[in-house]
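Q: The following block contains the structure, expressed as structure tokens.
Numbering (my numbering), first residue to last: 122 to 732.
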């Protein structure tokens with residue numbers, strides 16, 4: 122407390138005071154003044170808790186900062202009274218690269234030296250040796266792990282030691298069917314080079330001609346060759362005979378005997394085939410060597426005369442009966458002959474007998490009946506709602522029905538889905554008649570509950586389908602709106618629907634509302650038994666993007682992913698982490714505004730053997 126007394130010439134005194142509070146400066150420490158960042162790793166800077174505000178060099182305001190590249194990093198923290206202080210760290214990047222070379226092959230008795238390079242602080246080979254070089258002479262994988270400034274990197278190479286005893290086998294001599302193709306290739310082994318007597322240099326060749334074939338191979342440490350002779354069985358001779366001409370109703374048997382199996386054009390397998398229709402017929406046969414032959418024959422079967430189905434005829438009308446053009450002679454029961462068609466003016470039974478060049482005959486008849494004029498009557502509802510279907514029905518009869526100007530016959534009944542005037546014309550050979558019916562259509566009300574959506578904790582929505590005369594929700598409530606909150610919903614999807622009435626028509630709308638409830642395992646045992654080996658959140662329905670990070674108890678990040686399909690296998694840099702508790706941070710982004718929510722927790726790692 123500070124105060125002052127002032128006295129004037131008249132000895133009058135006045136006073137004033139002020140209270141001053143001195144706040145201590147906050148203290149912040151984000152680590153040593155310099156730090157090492159391994160290539161490909163991240164570094165977590167933690168300013169600690171208990172401050173009113175944080176400001177990092179990139180204007181971010183979290184209490185922690187994740188470093189991914191070298192440079193100067195600092196944070197300013199604010200304490201009570203607006204007092205601030207800062208701390209900084211300079212991060213240097215340690216870049217490391219080694220290359221043991223590509224996988225290679227040597228011969229037995231030779232050696233090869235792998236060089237990991239100089240300048241590293243330590244070396245560790247697969248057998249525990251610690252030199253910068255390693256001399257190998259056995260088949261297997263070789264790897265080295267090098268360390269510099271606390272950072273490590275690993276490379277590996279596979280060495281194959283080849284046996285100089287190279288041997289190639291093409292197998293026994295064989296006989297193939299004439300025209301067949303066979304693939305010649307070594308029965309086992311992979312060689313450096315191949316040279317065939319045909320001049321080919323591939324590991325296999327396709328041959329169809331008989332003869333002797335030689336293959337020479339080189340295996341890197343030795344050479345070998347082998348010979349195989351290919352023979353041919355005689356070709357399969359099959360003959361189905363000449364093409365066939367048959368009268369309608371006649372048949373012919375195709376019988377190519379003397380073979381082991383048969384496969385006809387219709388996939389039947391009997392040794393013969395009965396032909397009674399025009400078309401192409403063929404067969405594949407197999408002899409006792411397994412060789413295949415085939416032949417084809419074409420069959421033409423004569424036509425039959427067809428005057429068509431029985432029909433109707435009005436008095437005064439004419440029908441033309443046509444027997445078809447493909448015949449040589451025509452004889453009608455009306456006494457007419459030699460003509461393809463006749464004119465009929467009255468009902469009755471008419472027949473024709475025809476002959477054609479195969480020497481075959483055919484006969485057909487037709488019955489023609491007269492009928493009265495048609496009538497047209499439409500029955501059915503006069504009103505419908507939009508989207509509704511009603512039926513308009515014509516009076517049954519032996520008619521053809523034409524609705525709304527159609528030029529092809531329709532059925533006696535039609536479906537009506539919209540208002541308007543519907544015209545029916547009924548017709549037969551005697552004439553036609555027309556009637557019409559007017560349907561009044563009312564539009565459907567249009568309730569709209571919106572698109573399907575996902576609710577997150579704390580979310581709330583009031584479903585409003587719009588303004589109508591009445592409402593009926595899925596729970597039989599009748600309010601104009603329906604409130605839904607995240608806490609009201611079950612774990613599974615919930616369907617809400619409403620039926621509204623506007624005084625004329627009913628209509629419905631529905632919406633599926635899901636809830637977001639991320640499920641995260643709290644224990645994993647990455648021991649390779651395919652049970653609880655992976656830490657992976659599930660149930661990302663409604664999430665646009667996400668990011669998940671795993672930290673150890675010292676705050677160092679051991680794993681991170683923004684891929685929905687990724688999971689943590691309990692490893693850091695390819696090695697299993699020590700058993701214990703690890704901490705996860707899950708950030709999800711949802712909605713059209715990409716709202717961010719963060720979830721935190723821990724997971725216990727067991728069964729890795731570490732400590």
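All C-beta atoms in this analysis are idealised placements derived from N, C-alpha and C, irrespective of residue type, glycine included.
(1) Grouping DSSP H, G and I as helix and E and B as strand, with all else coil, what is residue 717?
(2) Whose C-beta lies closer than 8 Å to the C-beta of residue 512 among residues of the same chain, with five residues either side of it excluded?
(3) How long is the line joining the alpha carbons of residue 387 and residue 370, rounded to whole angstroms?
(4) Buried or exposed: residue 234, going by 16 or more other Cβ atoms within 10 Å of its Cβ?
(5) How many Å lie between residue 132 and residue 148 at the Cα?
(6) Could you give the residue range of the beta strand (DSSP E) that holds residue 266?
(7) Enumerate, from N- to C-terminal direction, the unbroken alpha helix (DSSP H) stretches of 4 or more residues contained entirely within the segment 619-690.
(8) Can you give me the C-alpha to C-alpha distance between residue 243 and residue 158, rounded to a whole angstrom?
(9) So, for residue 326: in the same chain, excluding its five sequence neighbours on each side, which residues have a beta-carbon less than 7 Å away from its beta-carbon?
(10) Under 8 Å: do the segment 355-364 and the segment 415-422 share three or more Cβ pairs, one atom per stretch?
(11) What beta strand (DSSP E) runs, 3 residues minimum, are completely inside the segment 539-607?
(12) Using the C-alpha atoms, what's the distance from residue 600 back to residue 587?
(13) Count the other CB atoms, across all protein chains shown, that sit within 10 Å of the CB of residue 732; report buried if there are 16 or more and exposed otherwise.
(14) Name the one or two DSSP bridge partners that residue 327 has.
(15) If you measure between the beta carbons of residue 728 and residue 646, is that distance less than 9 Å?
(16) Using the rule of at least 16 other Cβ atoms within 10 Å of the residue's Cβ for burial, across every protein chain shown, is residue 128 buried or exposed?
(17) Going by CA-CA distance only, name the one from 532, 542, 373 that's closest to residue 503.
(18) Over what stretch of residues does the beta strand (DSSP E) that includes residue 729 continue unbroken?
(19) Here's the rule I'm using: 16 or more other beta-carbon atoms within 10 Å means buried, otherwise exposed. How should residue 122 be labelled?
(20) State the Cα-Cα distance for the pair residue 301 and residue 423, rounded to the nearest angstrom.
(21) Take the Cβ of residue 546 as the centre, count every other Cβ of all protein chains shown within 10 Å, and call the residue buried at 16 or more, exposed below.
(22) What are the complete beta strand (DSSP E) segments, minimum 3 residues, inside the segment 445-500?
(23) What first and last residue would you give for the beta strand (DSSP E) that runs through residue 221?
(24) Buried or exposed, going by whether 16 or more other CB atoms sit within 10 Å of the CB of residue 237?
(25) Can you tell me whether residue 208 is helix, strand or coil according to DSSP?
(26) Give me the Cβ distance between residue 632 and residue 571, rounded to the nearest whole Å; I'm assuming they're in contact under 8 Å.
(27) Figure out for me which residue from 638, 199, 284, 674 has the closest Cα to the Cα of residue 720.
(28) Where residue 499 and residue 506 are concerned, what is the direct C-alpha to C-alpha distance, given to the nearest angstrom?
(29) Using 9 Å as the threshold, is the C-beta distance between residue 395 and residue 431 below it?
(30) With residue 606 and residue 581 assumed to form a contact (beta carbons below 8 Å), what rounded beta-carbon distance in angstroms separates them?
(31) Quick check: residue 341 and residue 381, are their CB atoms within less than 9 Å of each other?
(32) Return the residue from the list 528, 456, 487, 556 that minimises the CA-CA distance to residue 515.
(33) What's the gap between the Cα of residue 476 and the Cα of residue 450?
(34) Mark residue 659 as exposed unless 16 or more other C-beta atoms lie within 10 angstroms of its C-beta, in which case mark it buried.
(35) Give the straight-line distance between the Cα atoms of residue 487 and residue 385, rounded to the nearest whole angstrom.
(36) If you draw a straight line from the alpha carbon of residue 550 to that of residue 438, how long is it in whole angstroms?
A: With the structure as the only source:
(1) strand
(2) 501, 534, 535, 536, 537
(3) 20 Å
(4) exposed
(5) 51 Å
(6) From DSSP, the beta strand (DSSP E) with residue 266 extends over 261-269.
(7) none
(8) 18 Å
(9) 305, 317, 319
(10) yes
(11) 541-549, 552-563, 574-576, 581-584, 591-594, 603-606
(12) 11 Å
(13) Model confidence at residue 732 stands at a pLDDT of 49, short of 50, so the residue's coordinates are unreliable; what they give is reported in the following sentence. Burial call: exposed.
(14) 304
(15) The answer is yes: Cβ separation under 9 Å.
(16) exposed
(17) 542
(18) Per DSSP, residue 729 belongs to no beta strand (DSSP E) and is neither H nor E.
(19) exposed
(20) 40 Å
(21) buried
(22) 450-453, 462-465, 469-477, 481-490
(23) Segment: none, residue 221 is in no beta strand (DSSP E) and carries neither H nor E.
(24) buried
(25) Strand.
(26) 6 Å
(27) 638
(28) Cα-Cα distance, rounded: 20 Å.
(29) The answer is no: Cβ separation not under 9 Å.
(30) 4 Å
(31) no
(32) 556
(33) A direct Cα-to-Cα measurement between residue 476 and residue 450 gives close to 5 Å.
(34) Classification of residue 659: exposed, given that the 10 Å Cβ count is below 16.
(35) 39 Å
(36) 8 Å
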